[in-house]
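In this note's numbering, the protein residues as written are 70 to 443.
As structure tokens, this is what we get:
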């Protein structure tokens, strides 16, 4: 009997410990109008779905165990509710979808303060942008007015980052939330800044310094290092810098070559593009093909660099559009696009005979720059 009593007592001691080990974080939330649908938890670092839970009576909850600190995203299927959170041993968080607030552990609460502030400004900014698009061809005065309002909201976001948002980063500079805050700061501070053609602002220089001195845990953020690298690269290949050489496949021969071999001794227009990109095709038809036809015998070479594409799609596009100037194929996303910090296409640069980047241009501006360079 004593042995049985002892075992029962031991079990009562062990069970709470097992439960505590099994469920060492808790996230609960309230949301209306979503009963019968699911909320998902996604690991932001591994890009893997971790869990999902059914919303019932306007409530949901996640309980689980983690041995390490993790950044997760909790969201509904339509993304109207989505929050990036830090979960670790002992995490307790509560989400109120109606107000967009998070309560509980301080790091996640502080990140939510930043994201909700920026989200509110961004939402209004995007409404203004949509209105501007609607009146673009009808009312030039209204369009200019809306663009000015759009710029006001952009500046408000930057002012927020330059004040309160940096304080939030400093409070979280030794945890993973710090990486998320720093990334949001980077997105905002580079908004509307053409680092290919403009000097970095003092705020961007501050951003670069903060990243350079950031803790390893901040730098481990899955997207931060990639974005910061693009910022640094754009500054390094801005107007007035030497072009960066790279190897790719010569479309005409199927053999490896280099950009320097194709443009040697000539003024060069280098167009990073992809077959699926509508603006790329328009730029080729309206600007690049005419430039090639007009100046090919006057010392100009136009070079297309195919990125983020499929070779069969590129081949089809070249034939459909009748492109006759040189094409370099680089579709692995780890070569030319990284060397030039490219995140969108088309990206067109003009290089002089000495290998100096004269600028990044499109349309009529490119035509004028080419005439001047020749």
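Ideal Cβ placement from N, Cα and C applies to all residues, glycine included.
All values derive from a computational prediction rather than experimental measurement.
Pop quiz: residue i and residue j are said to be a contact at Cβ under 8 Å. What is the actual Cβ separation, rounded to whole angstroms?
i           : j           : result
residue 219 : residue 194 : 6 Å
residue 163 : residue 97  : 5 Å
residue 183 : residue 237 : 5 Å
To which residues does DSSP link residue i through a beta bridge?
i           : result
residue 132 : 95
residue 336 : 369
residue 107 : 123
residue 161 : 95
residue 155 : 140
residue 172 : 163
residue 246 : In DSSP, residue 246 forms no bridge with anything.
residue 317 : 326
residue 112 : 117 and 141
Just verifying my parser: in three-state terms, what is the DSSP assignment at residue i?
i           : result
residue 291 : coil
residue 324 : coil
residue 284 : coil
residue 436 : helix
residue 431 : coil
residue 150 : coil
residue 81  : Confidence is the limiting factor: at residue 81 the pLDDT is only 47, short of 50, which leaves the residue's position unreliable, though a coordinate-based value still follows. Residue 81: helix per DSSP, three-state reduction.
residue 311 : strand
residue 71  : Since pLDDT at residue 71 reaches only 48, below the 50 mark, its modelled position is unreliable, and no value is offered.
residue 223 : helix
residue 145 : strand
residue 254 : helix
residue 228 : helix
residue 342 : strand
residue 399 : coil
residue 382 : helix
residue 279 : helix
Shortest alpha-carbon distance to residue i belongs to which of the options?
i           : options               : result
residue 285 : 259, 330 and 247      : 247
residue 139 : 335, 370 and 249      : 249
residue 441 : 377, 368 and 376      : 368
residue 155 : 172, 308, 424 and 414 : 172
residue 304 : 243, 277, 422 and 376 : 277
residue 241 : 175, 217, 227 and 409 : 175
residue 333 : 424, 161 and 217      : 424
residue 105 : 135, 117, 134 and 146 : 146
residue 228 : 192, 202, 263 and 273 : 273
residue 336 : 322, 421 and 327      : 421
For the segment 404–431, which segments carrying the beta strand (DSSP E) assignment without a break, of at least 3 residues, lie completely within its bounds, in sequence order?
-> Taken in chain order, the whole beta strand (DSSP E) runs of length 3 or more contained in the segment 404–431 are 416–420 and 426–429.
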